[in-house]
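Counting with numbering that gives the first Met the number 0, you get residues 0 to 293 for the letters of the sequence shown.
We put the CB at the ideal spot given by N, CA and C, even for glycine.
First up is the structure itself, then whatever we jot down about it.
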Amino acid sequence: MNKVDEQLTFRLKKTFKLYIRSALQNALSETPSESDVLQTIINIQAALELIGKFFVLRREGWKGIVKSKFHDKSETELLSLIEKDEIQTTPFWKSKDFFSNEIYLNSDDKDLLDKFQSHRNQVMHLGMSTLPHGILNESIWFMVRIINQLEWQDTLPMQDQYLANSLKSLLGNSLYTSLLANSCYIDESIDRAFELYPDDMKHCIQCANESWALTDELDRVCFVCGYRGDQDTFGFADCPLCDAKGEVVFDALNIGYNEHIRGKCCSCREFVNVSKCKTCDWVSPYPQVCNSCA
Ligand SMILES: [Zn+2]
Ligand SMILES: [Zn+2]
Ligand SMILES: [Zn+2]
């Protein structure tokens, strides 16, 4: 990554996180005031605009989000313009067009996207006389259906991007707990996971919800907590304790080098030792003869 990408990435990441936390804090307020509604609209739209730019930047580099009149400036000039807050970025509709072609959006999602943009414009440019209270619930849908597809995990410190409860890292413990306990977030996320990837769903090893899907990019991604990893990292065996099929997750890259290793059942949450058969490579609970050869 060059220094211009680096500087812009730093800003987008940091500010996205501030906006999304504010948006959800307002949306989850126990006694939502008009101000909470207004702040939810503004903050969630701002969060979207920043994560949308971040999404484009990671694919296209800085030219994807900076106005073309700056494209032939030198790196030093660009860094100085960024430093002085004089760099200009492309309008939101451009990154919206870009990410809309890259992610899954059904007609409800597109309506939701337009709705928040139009509410935000109303609030910012003209004000609103009555604020739409249903918007607080819809902001949770907005998070699930749109923002969760824009790879916000990549805004986190490296150790929280993969094999971690990324959502807890993004929001902090208290806001994370409140989101899961006090909103439609879990139900909406599970519905969304099944809508997109109905065929190979597991309970998440991290948050235990049945929302750990195998995506088209062959990653395992949890639609609730954002836990993700390359599918080759994970192996799945049957559980001898609760009889769940294919829910004991183990380290697929290392099992071959060990007599047995410890796996964890995503269904009953118990630890189970598993081993790989020397004859047929099938993985069974340990100690036990191979399920497949037997
Ligand atoms: Zn999860
Ligand atoms: Zn089990
Ligand atoms: Zn065998």
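DSSP, read as helix, strand or coil, puts LEU77 in helix.
With contacts defined by Cβ atoms closer than 8 Å, PRO239 and PRO284 form a contacting pair.
Placement of the Cβ of SER274 at a distance of 7 Å or more from every heavy atom of ligand 3 is found. Note on the segment 122-167: whole alpha helix (DSSP H) runs with a minimum of 4 residues are 134-144, in chain order. Ranked by how close their Cα comes to the Cα of SER99, the residues GLU33, LEU162, ARG144 and LEU77 have ARG144 in first place. Only residues of its own chain outside the window of five on either side were considered, and among them PHE53 and THR154 have a CB closer than 7 Å to the CB of LYS12, listed in chain order. Pairing ALA26 with LEU135 gives a Cβ-Cβ distance under 8 Å. DSSP places PHE15 in the helix class (H, G or I) of the three-state scheme.
When DSSP reads this structure, CYS221 sits in a beta bridge with TRP211. Per DSSP, ALA192 is not a residue of any beta strand (DSSP E); the alpha helix (DSSP H) it occupies stretches across 184-195.
In the DSSP assignment, PRO284 is bridged to VAL273.
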